[in-house]
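What follows is a single structure, written as structure tokens, with notes after it.
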Amino acid sequence: MVTRTSRLTLHNLRYLLLLLPAAGLAGCSSSGSPTYVWHFNVVSSYLPLLFEGLRLTLILTLVVVSVGMFLGIFIAAGRMTKFWPVRYLVTGYIELMRGTPTLVQLVWAYYGLSILLGIELSGLIAVGIALTLNVAAFFAEAFRSGIQSIPKEQFESADVLGLGYLNRMRYVIVPQAFRNVLPVLISLSISLFKDTSLVSTVGVADLMYNGRIVATSTYRPLEILTTVAVIYFLIAFPFTLVMRRLEIRLSHHLT
Amino acid sequence: MKSNETAKPWQTGNDDMTPARITPMLEIRGLCKSFKSVVVLKNVDLTVKTGEVLAVIGPSGSGKSTLCRTAMALETLDSGEILVDGAPFIIRKPGTKQIVTGENYCNRRRLMGIVFQHFTLFPHMTIIDNLTLGPRKVLGQSKIEALAQARELLIRVGLRDKENVFPSQLSGGQRQRAAIARELAMKRKMLFFDEVTSALDPELVNEVLSVMKDLALNGMTMVAVTHEMAFARNCADRVVFMDEGQIIEQGPPEQVLIQPREKRTQDFLSKVIN
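Note that the protein sequences, when read in sequence, are chains F and P. Quick note: the first sequence uses my numbering, first residue 1, plus one each step. Quick note: the second sequence uses my numbering, first residue 1001, plus one each step.
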């Protein structure tokens, strides 16, 4: 037991190595020839503004992840249906979302809709919809792979047991599929959390947008953006740890 | 083979004197099935009487599993008739696209259960949940009722202390016994066993076979696809030998296994028994 704990601690400490490059960068300023003097004290007075942006980033992430996951279930069902017109349509949609840059999708939603179709949406709503549609496609693919990884005997056993389609899904297939894909879902959510920073390009005041505003007005982009990065990291990192734990636990469970 | 003991919950066979004894449990007529261009079943006729224990033997790829799976409506058939408990279950006339299901299709299908070689149990549920899911959701039993029945069945298959355990914590033999118990919980009249012992370590085979033997003695109608010749000889009422999608020979075990008439049966047996 003791060895196990100590190994775990060591294991966790290893992640601190990730911070070495940043430390090295900071170290350069004192020893290297181009002398740059870091002024992190500038940051403190702008922290409230950054946190305000963070609030929007978190809300946006939460809404997009939950709606995207919900939509993803139906998209996955459409992707797997035997009715080919729906399947082709949904597959096309997924490939479009996966194969084009998210930034371009945001621009389509924000400018494209208003210029081409005359639909005026507020920036936040437009990018919220675009991100949701984007991430729903990824969630759908995760769900599909989760469902398709389940042995066919499971579908057949549930069928033979006399369970109808919805009960089969509810009691037998989805719980297993969800466990299988949970690490992937968390990983996608972490990516999305960082990708929400793209909304700053269309003027939505998230963490990144506020960071950039502060950076230009203080002429201290390195300090400010490093702070922004640290905030993103501190939120994303615990989820990465949870994901690793889950992956290990899942590989021990279910044969 | 059959003996009439006092009625027990897992005892689903009828008394020998009732009319149901005369009605065949399963009747297959002219069954044809192919996967794409590969013909798997060629015009198969087979009747299983109520309470009868059938052992289906034959080389791999001979269509044994497909026969069971098609009879259980897990595969669609190309043509043929399947009757369950004396009434039409699935019918497809040759050359037609339409598969006709008989009256009470769902209820008829519920009379039959199947145990696979692998993955029959639901791995995310405890054994007791595996056993109570069907009775509660499909048969409409109360939780108390389903639990009591499941516990009784677990004692029956020798897994009394395993009710709160997950399938991954059981040995292969225990898993198969639990899977059989789950089918019994659904009050099946007929069970298919699709090579249930083929993936087991040799020392685990007997515990599963003894549960099957016990079922046979208690009047369950059974169709067992098996490579266990001892089981076929000792427990089956009839042995069916299949090859290349056809029933080549069938009859009492003494005849088919010991004095086979057909050349192909003889060849197969000489390979298997050594």
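The beta carbon of each residue, even a glycine, is placed where N, CA and C say it ideally should be. Computed from a prediction, not measured in an experiment: that's the story for all the values here.
Can you tell me which of the three DSSP states S1003(P) falls into? Residue confidence is low: S1003(P) scores 46 on pLDDT, short of 50, so the model does not pin down where it sits. Its coordinate-derived value is still stated next. In this structure, S1003(P) counts as coil in the three-state DSSP scheme.
Residues in the same chain with beta-carbon distance under 7 Å from G1058(P), minus the five sequence neighbours each way, listed in chain order, please. If we look at G1058(P) and ignore the five residues flanking it on each side, its Cβ neighbours are K1064, F1241, M1242, D1243 and F1268.
CB-CB under 6 Å to Q1266(P), same chain, minus the five flanking residues each way: which ones, in chain order? P1260
Using only alpha-carbon positions, find the residue among K194(F), L89(F) and L50(F) that is nearest to T102(F). Among K194(F), L89(F) and L50(F), the Cα nearest to that of T102(F) is on K194(F).
Heavy atom of the ligand SAH less than 7 Å from the Cβ of E156(F), yes or no? The model on display carries no ligand, and the ligand SAH is accordingly not part of it.
Are I1248(P) and E1262(P) touching if we call contact CB-CB under 8 Å? yes
Under the assumption that A1055(P) contacts A1236(P) (Cβ atoms under 8 Å), give the Cβ distance between them as a whole number of angstroms. 4 Å
Are V1044(P) and L1067(P) touching if we call contact CB-CB under 8 Å? Result yes, Cβ atoms of V1044(P) and L1067(P) sit closer than 8 Å.
Where T1120(P) meets chain F, residues with beta-carbon distance less than 7 Å: E153 and S157
For V1208(P) versus L1217(P), is the C-beta spacing smaller than 8 Å? No, they are not a contact pair.
What is the rounded straight-line gap between the Cα of L1159(P) and the Cα of G1113(P)? 20 Å
Cross-chain neighbours of N167(F) in chain P, by beta carbon under 7 Å: K1137
Can you give me the Cβ contacts of T240(F) inside the same chain, cut-off strictly under 7 Å, excluding the 5 residues immediately before and after it? I190
Listing by chain order, which chain P residues have their CB less than 7 Å from the CB of P183(F)? Here the premise fails: no neighbours, minimum Cβ distance about 16 Å.
Given a cut-off of 8 Å, decide if I94(F) and A140(F) are closer than it, judged by their beta-carbon atoms. Pairing A140(F) with I94(F) gives a Cβ-Cβ distance under 8 Å.
What residues in the segment 173-199 of chain F bring their beta carbon closer than 9 Å to a beta carbon of chain P? Per Cβ criterion, the list reads P175, Q176 and R179.
Hey, V90(F) and I75(F): beta-carbon distance below 8 Å or not? yes
Tell me, please, whether the segment 1154-1173 of chain P touches the segment 1123-1137 of chain P by the rule of three or more beta-carbon pairs shorter than 8 Å. The segment 1154-1173 of chain P makes contact with the segment 1123-1137 of chain P: 3 or more CB pairs, one atom from each, lie closer than 8 Å.
To the nearest angstrom, how far is the alpha carbon of S1270(P) from that of V181(F)? 49 Å
Does chain P have any CB closer than 8 Å to the CB of G162(F)? yes
Compare the Cα-Cα distances from A1179(P) to each of V160(F), Q176(F) and A177(F) and report the closest residue. V160(F)
Whose C-beta lies closer than 7 Å to the C-beta of I119(F) among residues of the same chain, with five residues either side of it excluded? Residues L113 of the same chain have their beta carbon placed closer than 7 Å to that of I119(F), with the five preceding and five following residues left out of the count.
Helix or strand or just coil, what does DSSP make of F1119(P)? coil
Residue nearest to E1183(P) in terms of C-alpha spacing, selected from I1273(P), A1146(P) and F1166(P): A1146(P)
Of the choices S1142(P), L1215(P) and S1062(P), whose alpha-carbon is the least far from that of R1264(P)? If we check each option's Cα against that of R1264(P), S1062(P) comes out closest.
Based on Cα-Cα distance, which residue from E156(F), V204(F) and R87(F) lies nearest to R55(F)? With distances taken between Cα atoms, R55(F) lies closest to V204(F).
Just to confirm before moving on: does the CB-CB distance between G162(F) and V1256(P) stay below 8 Å? no
So what's F1231(P) in DSSP terms, helix, strand or just coil? In the structure shown, the three-state DSSP call for F1231(P) is helix.
Which of the three DSSP states, helix, strand or coil, is assigned to K1033(P)? strand
Could you tell me which chain F residues have their CB closer than 9 Å to the CB of M1190(P), listed as they occur along the chain? What M1190(P) touches in chain F: nothing, since even the nearest Cβ is about 12 Å away.
Check for me: the alpha helix (DSSP H) holding R1238(P) runs from which residue to which? It is not in any alpha helix (DSSP H) - R1238(P) instead sits in the beta strand (DSSP E) that spans R1238 to D1243.
Quick check: the Cα distance between R170(F) and R1029(P), rounded to an integer number of angstroms? 37 Å
Just checking: is the beta-carbon of M1025(P) within a distance shorter than 8 Å of some beta-carbon in chain F? no
Since I believe T1047(P) is in contact with L1086(P) (beta carbons under 8 Å), could you give me their beta-carbon distance rounded to a whole number of angstroms? Correcting the residue type first, residue 1086(P) is Gly in the shown sequence and not Leu. Not quite, the Cβ-Cβ distance comes to about 11 Å (not below 8 Å), so this is no contact.
For F1116(P) and D1194(P), what's the separation of their Cα atoms in angstroms? 5 Å
Could you tell me which of P1088(P), V1272(P), T1132(P) and F1122(P) sits nearest to L1026(P), measuring between CA atoms? Ranking the options by Cα distance to L1026(P), first place goes to P1088(P).
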